[in-house]
Structures are given as C-alpha cells and as structure tokens.
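This report refers to the structure that appears directly beneath it.
Number of protein chains: 2
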Amino acid sequence: MQNETKKKLDYVLSVLKIQQIYSNACAVLSFDMETVCPPKGMSNQGETSAYLENESFKLSKDPKYIEAYEYLYNHLDELDEFDKVLVKGLHKSYVQTKNITPEMNLEWSKAFNQSWVNWLNAKEKDDFSIFAPSLSDVREINLKTISLNEERKPISYDNLLDMYETGMTGTDLDRYFNECKERLVPLLKKIMASPKKIRTDFLSRPVTDEQQKAMSEYLLNTIGFDFTRGALGTTEHPFTNGLAKDDIRVTTHYYPTAFLSSMYSVIHEGGHALFEMFQPDENYDHYINGKKTMGMHESTSRFYENRIGRSREFVHLIFPKCKEIFPNVFFDVTEEEFYEAINVVEPSFIRTEADEFTYTFHIIIRYELEKEIINNNAKIEDLPKMWNDKYEEYLGIRPSTYKEGILQDVHWSFGFGYFPTYALGNMYNAMYYNKMLEEIDAPGLVESGNIQKVNDWMTERVWKRADRLEPKDWIKEITGRDFTVKDFLDYLEEKYSKLYNL
Amino acid sequence: MQNETKKKLDYVLSVLKIQQIYSNACAVLSFDMETVCPPKGMSNQGETSAYLENESFKLSKDPKYIEAYEYLYNHLDELDEFDKVLVKGLHKSYVQTKNITPEMNLEWSKAFNQSWVNWLNAKEKDDFSIFAPSLSDVREINLKTISLNEERKPISYDNLLDMYETGMTGTDLDRYFNECKERLVPLLKKIMASPKKIRTDFLSRPVTDEQQKAMSEYLLNTIGFDFTRGALGTTEHPFTNGLAKDDIRVTTHYYPTAFLSSMYSVIHEGGHALFEMFQPDENYDHYINGKKTMGMHESTSRFYENRIGRSREFVHLIFPKCKEIFPNVFFDVTEEEFYEAINVVEPSFIRTEADEFTYTFHIIIRYELEKEIINNNAKIEDLPKMWNDKYEEYLGIRPSTYKEGILQDVHWSFGFGYFPTYALGNMYNAMYYNKMLEEIDAPGLVESGNIQKVNDWMTERVWKRADRLEPKDWIKEITGRDFTVKDFLDYLEEKYSKLYNL
C-alpha cells in the first residue's frame, strides 16, 4: 500500500470509529425504548437518539472524509479484501445520500421516531387513524430518500427493495412469488381438506412467565447462544439487536396461554444472534459488519426456527426438558403429538405466529401492498381494507381488528421494502440446507445435541463471507447453484404431504 | 434584562440543552449497564459512555460559553431567581474544574468505569485484591480533582464532602456523629439486653420473584410513584436514576428468602423518585435540577422508607395487601408482629439491609474510614481489616467475607464523601417531620391511604426550593430552626424505648 493510501485509510477508519460509538449509543437507546423507557419519557429519548444519530451523519459529510474514501475508491487495487468491501460500500452510500442534508436527516429521524411511537399507541388502542398520518409521512420520506439517490433511476419500489436486499427487483420477486402461489395454493387446499386431525389443545395450557423464561434460556443455550456476549429481554415485538461485537441481544414476549410463541420467537431471534456472534472479527475491525443483507439474516433466523427448530430431531432433543419445565402442559402429551402440533397448518392472522407453511402468504400479501403503496400511491385510508381483502383471498380469513390486521407489524413505521427478505430467507436456507446435508449429518447432530457442529458449518460456509458478497453471488458460492425457489417449495411439499398423509 | 444579557443567557441555555442530551444518553447507557448489558459488552459500552461524557465536557470548555456565563455572573441582578442559581452554579463549577482538561476527564471517566467493573467482579468473586488497585486509582483521581479545584484549599476530605453536601465539613460531622454515639451506644446496649422477644421467623419464608414484583408495584403505587413517568427494574444494588424530566427509574432486587429487602428498598428508592418527579418544572427549564444535595435526597428516600414505611400507620395500610400477595408468608402473622419485625434492632453486616436504629453506625464507620483514606492516606491493603475492626467496635460483629464487609457498597468505585449524606438525610427528615406534624395529620393520612397529601406537603415545603438553597439554609427555611441532630436522636430514643419496653 502506498503511503498516501495508508494515510487516507487511517483517516477513514478514525471517522468510522467515532461513528461506531454514536451507533452503539443509539442502539442502546433504542433497546431501552423498546424494553424499559416509560411512556412519557419516549419523546425526549427519541430526540436524544435523533441528535446523536445526526452528529454521526454530520461526520459522514466531512469533506476530508469523503475525499479520503473517494481517493481509496480510485485505488481499490491497493486495498485488502475487507477494505475493498468497506470502500465500495462508502462510495455507494455516498452516491445514495450525497443530496441528503443533516437537517433533512434530523427531521426524518424525528419523524421515524414519532411514527414508531404512534404505531405503538395505535396498536394498543386498535385505532388505525392514530398511525395513518405517520404512514403517509414515512412514504413521503421513503420516496424523497430514493428521489435524492443518484445511484438508480427511475424511482420505484425496487429502490427500496435494494436497500434491504441488494440486487433483488420487483420483477424477480413477482416471478418467485408466482411460483410459490402456483404450488402452494393447491397444496394448502389439499391440506385443509385432509381428514388428519392434529391435537393442539395443550398449546393453550397456562404457564407462568418464569417457566417461559427458563425455557427461553434453555433454548438459547441449546442452539449455542453465548450469554457472556448477549442478553435476553422482553418486548411485545421480539427482535435481535447487535449493539456491539460482544453485545448481541434478543427479546421475546411471554403469553400466558401460548407458550410456543416465546419458544419459537426465541429460536428465531437466537438464529439472528448466532449470525452476529459468529461472524469473523475482521468484519468489526473493518467496519463492514453491517453489509449482510436482511434476506441473509432472515435465512439464518428462519433456518434455526424452522429447519432445525421444527424438525423431528430437535423435538426429540428438547422434549425431556419441555416435560421438566412445563409439567402442567406435557403430562399427557407424546413426543409425536408435540412434533405435529408445532407443524400444524392453519391460516391465521398474525405473521410472527404463523406456521411455516402459510407464512409465505403473509409475506406475499405485504409485498403486494408495499408495491401498491410505493408504485401506485395507494390511498392510506384504503390500506386496512386492502389488507383484509388479501387475507380473505389468500388465506380465506378476514381480520376483525386492526391489531390482527394492518397494525400488527412494526416495519412500516420506518419504511417499506423489508418484508420480502423474510420469504427470501426461507428460499436461501432451503438451498444451503440441501448443501449442508451433502456434507454433514445435520439431523443426527441436532438429535444428539451437537448443534455446535451445525453452527460451525454455518460459520464457515454461510456467515463468513456474507458481508463481502451480494446475495445472488453469496448463495451461488455456498451452493454452487443460481438462486431458485424450487428447494424451498420441494421441502414444504415433501414435509407437509407426509404430515397430512396427502 | 439588557439585550446583551439576554443574548448571553440564550447562548448558555443552547449549550446546556446539548449537554443535557449527552447527559440523557449517558444515563441510559449507565442504566443499561446496570441492568442488561452482558459481561463482555461492558467495556465497549463504558468507552461509548466515556466518549459522550467527554464530548459534553468539551462543550463546557468552549471559551464563548465560559465568557457568556461569566458575563452573566457579573450581571446577576438582571436575572430571575432560577437563572441566578444556574449562573452561580456554572461559575462555581468553572472555578472547580477550570484546570481539568478533556484528556484528564476522558481518562478519569474510563478509570471510573473500569473501577466499577472491577468492583462488580471483585464482589462476585469475594476477592478484594481485584478491586484494590481501582480503589487506589479512585483515591488518586479524587485527590487530583480537588488539588486542581481553585475554590477551596487546603486539600482534605472536606473538599469531597462539599461536592455532595455543600457547606458541610468534617468538623461539623465529627460533632454530629459524636452526639449520635453518645446517645445511641448506651441505648443499643439496653436494647440488646432487653428481654423483649420479637418474632422474625416469617421474614425468611420463601417467596417468588413474581410475588415480590407485584408487591413492589403496589408499594410504588401506594406512595404515589407515576408509572407513566417512571419504571421499575432489577439490579443487585438498588438505585434511582432520573434520566429525564419524565423518566425516573428505580430498581430493586428480589431475594427468595428475604422479601423485606425488596419491599423497603423499593420504598426507599421510590422516595428518591418522588423528589425527582414532583420538583418544579422550572428546575428543568433552567437546568438546575441537579443542584439538590445528596443529603436532601437521602432525607426524602429515608423519610419514605422509615418515617412513613416503618410506621404503625403504614403497616396498617398495607397489611391486607401483604396477606393477599404473600399468603404463604402471612398466614399466621398479626399486624403487630409485622410492625415489630420490620423494626427489630439487630447489629448486621449489610448497610442497605440494616434496621433504622443501627443504620447510623454503618455510616459512622464508612465516614471514619473515608477520612483515613483521604486525610491520612491509609494503606489500601489495610482497609478490609480496618473495616472489620470498626464493625467489631461499634456493632460487636465481625464480617467473615469481603462481600459482607468492605466490598458491599458500590460508592467507593467512583469516589469518597457520599456516605455521610445518608446520615444527614435522617437528621434532616427528623427535623422536617416534626414541622409537618404541626401542620398536617401525617400519620392519619398515611393510615387512610392518603399519602398524596403528605407528598403535597413535601412538594411545597421540602422539594420546591431544594435546588435553589444550600442545605443549612434549606432546612432552616423549612423548619425555622438551625440544623440539629436532636430531633433524630429523640425520635429513635422514643420509638425504640417503647418497642423494647425500656
């Protein structure tokens, strides 16, 4: 590396170090607002967060900093692999945000925070009108953000999608989701018509928070979550927050008569956490640990939740502990009954509580609405009805409250384009799980409690290069094949045909 | 107000507004480290906090800012009462800290954070040697801080005391504590010799965390804590943190066989919280809400804990709820037995668990050690023995572990001079409770659950002007009398002579 290049790189890293401090502080503030902050303290804390976020944003506008990474961008061949990824990312982000001023940025931060507070409030009161104006603001900010983005024109939903899943377009997704519909709609009809009766009565037996907490901790330990580098909290909407290299937190909620909800949300969020915990240290040293896409992330969380968590082998592994922690639930339940119950297919309103099979429909519905909102400027006040109509069309059920309808998810309080990543995650993990099966006996390892070996494979093959590759290249490198929906659909068809004796 | 004065004042307020943002962020980070942050995430988060704290400190070094409040300091007569307090405080703080550079400040912040982490670790492992080097560092920093302080010389323990309780000196405290010893030592002997048997067996009956949490919430509601502006968390060492005007948090701990510990720590911290919640809004608008001394604060927390919380009337009020929440504890206990049990006098090791009577000895011990540490440069390695010797001397008991000895309290991980404020708090509240009794029927109000009326008196008489007055003036304004230990000692003598039939 030339002396000049080294100097520029050092300068860039020194700015990133300070930005990371701000980002760490904002992550703590955000975690606190989600978990502890009292209602009337929210707006003050939102302002604190917006201020700090904007201090960091201002640093990104420092001409010396921009000049330095642009210089590096013109000397990429002198950089190592990690710094190349870093500098390309900085350049891309520069082109995307060069027209956004700190004033705009601060205003938007505050608007997003207000939007989130309104969403919480609207959901609690089951009143869409409280959230509607924010939804409109968020759309305006999203459109403004992409209109100022010099990287790609014309403005459309694709620009937002690209923020969460680089390289994916609406055209791609239309094709993938059509394939899903073609195969899953008739299959769902068959399942619903199946005479097979799956016992689920025990799933609503009452349990205490303390029992559920003990189970959550057991499950996290079982999949390999490191409690010296992470924590478990409670929130209405479970999430994972990687606050720092050695501080990865997951949350769950405890419902007194639905213990599966915390169990599987914990495994899901635990999957996200493992990705953060076991990525290469170099990602942090080179400030590229945020490069992995949400689809990659969801592929991991849904891998642990479904491919591991809802497998016969996992049930066999955890069943003795289930009986120990929830004796009042499992006293008359067999292992087979438990396996069937966690895989029962039943159209339902809440995405995060949906079974693995109908889950994809929840995403398709949101995807289609998002495109309407962004590309066709759908009227905000029409959205609740559009939402309900789609649930009726795809799943044959109609929400009767906003809470179980359009207000259920937090995502639209900060923007559009995220939801498809959940479905893509399922598709990615179906592909790489098939690859994993060629190389290690994953089901056997799970059954014997040796999930660490599965994590090792994930570390080496799935997580290691995620921050350095775009999704389509990444999945091809792991599996040797181009992206396809087929593995996922084949898996669902096989598993559920067997379960329902089709 | 002259135009120039107005301009200067606006500038000062604009800087304070930003400093308040940093201070809010640091308070959230600190609360998070106490309650959630995983062990390996601590040092990173400590660095984040130190960075932000130092950004704020740098603002206080801005020459334009200093010039502005010094200008105001020379034009005090143009300012209103609140701004006068603000400007005097800024001037004082300027004189105290003008020789401290941001580099020193950052280094010290990091050292305090490390010291706290080491204390946690040392306490957990019951190993004083882990904490000893930090204790030495903290002493050095304390001495350095006061040696750079141009306000008062020579350097001694008094300088530290003044940071927590303006106007109090070691000479004062020696006199007050000698009076205490003169009256309390013989009284303690009589109590210990009393044939009166107080039943305490039920205090160690096992309870769940959920029961204790329900009790904590009930108690906070009972004394008037506003949950829309506050929250309750759990930590090993209970505390109160006023993060913002509408965000006042208290913590407690749940011990499975010592439910009184959470009950009375919750009332204590709740008392601190009420002070923060019901101070005048103007304190926040004028950035003077940090002016109240720790002695004033402890007077309030210990007022609720002891004068209200351990009174017959309060026991009468809460006893039905105690039986409802802890049926497994109270099934064979009478109201009178409960009253006696919460007031039993018994020399013990842990300050925060001590009864109201022996509590003062815990403070005297720490006070005498602090003076040795600062004024006589006591050897750090000798402190555990010195601590134990004093417990033997005053209370006739000798700690057998560091945890129940010198490592029990967090305070010395950030400095010396705080402990006396607890004792002063008892003395202040004894004086103002006597005044209160002249004006309202506090016991009757408590017994009938009308604690809000007591809070109203506290708001108007005790809390309202606390940020605007120095302690000695404040207590004189409330009571019409000069500070005295007599009220407190009379109260103890009367209450405990009666309880022990002396």
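The listed protein sequences derive, respectively, from chains A and B. In this text, residue positions in the first sequence follow our numbering: the first is 1, and each later residue adds one. In this text, residue positions in the second sequence follow our numbering: the first is 503, and each later residue adds one. Each residue gets a CB set at the ideal place from its N, CA and C atoms; glycine is no exception. These figures come from a predicted structure and were not determined experimentally.
Whose C-beta lies closer than 7 Å to the C-beta of residue i among residues of the same chain, with five residues either side of it excluded?
i, result
"Tyr-339 of chain A", "Arg-312, Val-315"
"Leu-588 of chain B", "His-788, Tyr-789, Ile-790"
"Ser-147 of chain A", "Ile-155"
"Ile-380 of chain A", "Ala-132, Leu-135, Ser-136"
"Ile-942 of chain B", "Lys-955, Trp-959"
"Met-796 of chain B", "Tyr-666, Glu-667, Tyr-920, Thr-923"
Pull up the distance between the alpha-carbon of residue i and that of residue j, whole angstroms please.
i, j, result
"Glu-470 of chain A", "Asn-306 of chain A", "24 Å"
"Val-446 of chain A", "Tyr-869 of chain B", "59 Å"
"Leu-317 of chain A", "Arg-302 of chain A", "19 Å"
"Asp-984 of chain B", "Asp-975 of chain B", "8 Å"
"Val-846 of chain B", "Gly-41 of chain A", "40 Å"
"Leu-468 of chain B", "Asn-743 of chain B", "Given a span of 503 to 1004 for chain B in the structure shown, any question on residue 468 of chain B remains unanswerable."
"Glu-346 of chain A", "Ala-193 of chain A", "12 Å"
"Val-768 of chain B", "Asn-952 of chain B", "19 Å"
"Val-462 of chain A", "Ile-643 of chain B", "49 Å"
"Pro-102 of chain A", "Ile-66 of chain A", "15 Å"
"Ser-30 of chain A", "Cys-37 of chain A", "10 Å"
"Gly-907 of chain B", "Lys-887 of chain B", "9 Å"
"Leu-106 of chain A", "Asn-526 of chain B", "18 Å"
"Met-1 of chain A", "Val-12 of chain A", "15 Å"
"Lys-944 of chain B", "Val-912 of chain B", "Inspection of the sequence shows that residue 944 of chain B is occupied by Ala rather than by Lys. Taking the straight line joining both Cα atoms gives about 34 Å."
"Lys-691 of chain B", "Asn-936 of chain B", "27 Å"
"Val-530 of chain B", "Lys-486 of chain A", "47 Å"
"Phe-630 of chain B", "Cys-528 of chain B", "28 Å"
Enumerate in chain order the residues of its own chain whose CB-to-CB distance from residue i is below 6 Å, with the five nearest sequence positions on each side excluded.
i, result
"Glu-536 of chain B", "Thr-737"
"Lys-873 of chain B", "Tyr-659"
"Arg-970 of chain B", "Val-587"
"Tyr-757 of chain B", "Ser-763"
"Asp-628 of chain B", "Thr-903, Tyr-904, Lys-905"
"Trp-108 of chain A", "Ile-141"
"Met-168 of chain A", "Leu-161"
"Ser-915 of chain B", "Ser-617, Trp-618, Trp-621"
Checking 9 Å against the spacing of the C-beta atoms, do residue i and residue j come in under that value?
i, j, result
"Met-475 of chain B", "Gln-714 of chain B", "For chain B, the structure presents residues 503 to 1004; residue 475 of chain B sits outside this window and is missing."
"Gly-591 of chain B", "Lys-793 of chain B", "yes"
"Glu-667 of chain B", "Thr-507 of chain B", "no"
"Tyr-69 of chain A", "Tyr-51 of chain A", "no"
"Pro-320 of chain A", "Lys-464 of chain A", "no"
"Thr-730 of chain B", "Pro-39 of chain A", "yes"
"Leu-994 of chain B", "Phe-859 of chain B", "yes"
"Tyr-496 of chain A", "Leu-187 of chain A", "yes"
"Thr-862 of chain B", "Leu-1004 of chain B", "no"
So with Cβ pairs under 9 Å, would you call residue i a contact of chain C?
i, result
"Cys-539 of chain B", "Judged by its chain identifiers, the structure shown contains no chain C, and its protein chains are A and B."
Give every residue of the same chain whose Cβ lies closer than 8 Å to the Cβ of residue i, excluding the five residues on either side of it in the sequence, and list them in chain order.
i, result
"Ile-867 of chain B", "Trp-889, Lys-892, Tyr-893, Tyr-896"
"Ile-899 of chain B", "Pro-849, Ser-850, Phe-851, Tyr-893"
"Glu-151 of chain A", "Lys-92, Val-95, Gln-96"
Worksheet item: Using a Cβ cut-off of 7 Å, which residues of the stretch 212–231 of chain A contact any Cβ in chain B, in chain order?
Response: Of all residues in the stretch 212–231 of chain A, only Phe-227, Thr-228, Arg-229, Gly-230, Ala-231 come within less than 7 Å of chain B when Cβ atoms are compared, listed by chain position.
Fill in: Contacting positions in the stretch 548–563 of chain B - beta carbon closer than 9 Å to chain A
Answer in chain order: Glu-549, Thr-550, Ser-551, Tyr-553, Leu-554, Glu-557.
Fill in: Interfacial residues, the stretch 98–111 of chain A to chain B, with Cβ spacing under 7 Å
When CB distances to chain B are screened at a threshold of 7 Å, not a single residue of the stretch 98–111 of chain A falls below it.
Item to complete: Count the C-beta pairs between the stretch 714–725 of chain B and the stretch 13–26 of chain A that are closer than 8 Å, then say yes if the count reaches three, no if not.
Response: Fewer than three beta-carbon pairs drawn from the stretch 714–725 of chain B and the stretch 13–26 of chain A are found closer than 8 Å, and the two stretches are therefore not classed as touching.
Discussion item. Under 8 Å, with one C-beta from each stretch per pair, do the stretch 953–968 of chain B and the stretch 898–918 of chain B reach the 3-pair mark?
Written reply: Contact fails: fewer than three Cβ-Cβ distances are below 8 Å.
Worksheet item: Would you say the stretch 75–83 of chain A touches the stretch 129–144 of chain A, given that touching needs at least three Cβ pairs under 8 Å?
Response: Contact fails: fewer than three Cβ-Cβ distances are below 8 Å.
Fill in: Given 8 Å, three or more beta-carbon pairs between the stretch 194–206 of chain A and the stretch 325–335 of chain A
Taking one beta carbon from each stretch, the stretch 194–206 of chain A and the stretch 325–335 of chain A have 3 or more pairs nearer than 8 Å; the two touch.
Item to complete: Output, in sequence order along the chain, the residues in the stretch 689–717 of chain B whose CB is closer than 9 Å to any CB in chain A.
Response: Answer in chain order: Thr-710, Asp-711, Glu-712.
Item to complete: Report yes or no: do the stretch 674–687 of chain B and the stretch 795–804 of chain B share at least 3 C-beta pairs separated by less than 8 Å?
Response: Taking 8 Å as the limit for Cβ pairs, the verdict is that the stretch 795–804 of chain B does not touch the stretch 674–687 of chain B.
Worksheet item: When Cβ atoms are compared, which residues of the stretch 738–751 of chain B fall closer than 9 Å to chain A?
Response: Residues of the stretch 738–751 of chain B with a C-beta atom less than 9 Å from some C-beta of chain A are Leu-745, Ala-746, Lys-747, Asp-748, Asp-749, Ile-750, Arg-751, listed in chain order.
Practice prompt. Mind checking the stretch 513–526 of chain B against chain A and listing, in chain order, the residues whose C-beta falls within less than 7 Å of any C-beta there?
Written response: Those residues of the stretch 513–526 of chain B that come within reach of chain A (Cβ to Cβ, closer than 7 Å) are Ile-523, Asn-526.
Worksheet item: Counting Cβ pairs, one atom from each stretch, are 3 or more of them under 8 Å apart for the stretch 556–567 of chain B and the stretch 604–622 of chain B?
Response: Segments in contact, yes.
Worksheet entry | Residues from the stretch 811–831 of chain B in contact with chain A, defined by Cβ distance under 8 Å | Against chain A - using a Cβ distance shorter than 8 Å - the stretch 811–831 of chain B contributes no residues.
Item to complete: Using a Cβ-Cβ cut-off of less than 9 Å, give me the residues of the stretch 255–279 of chain A that come near chain B, in sequence order.
Response: Of all residues in the stretch 255–279 of chain A, none is placed with a Cβ closer than 9 Å to any Cβ belonging to chain B.
Fill in: Residues of the stretch 367–391 of chain A with Cβ closer than 9 Å to any Cβ of chain B, in chain order
The residues in question: there are none.
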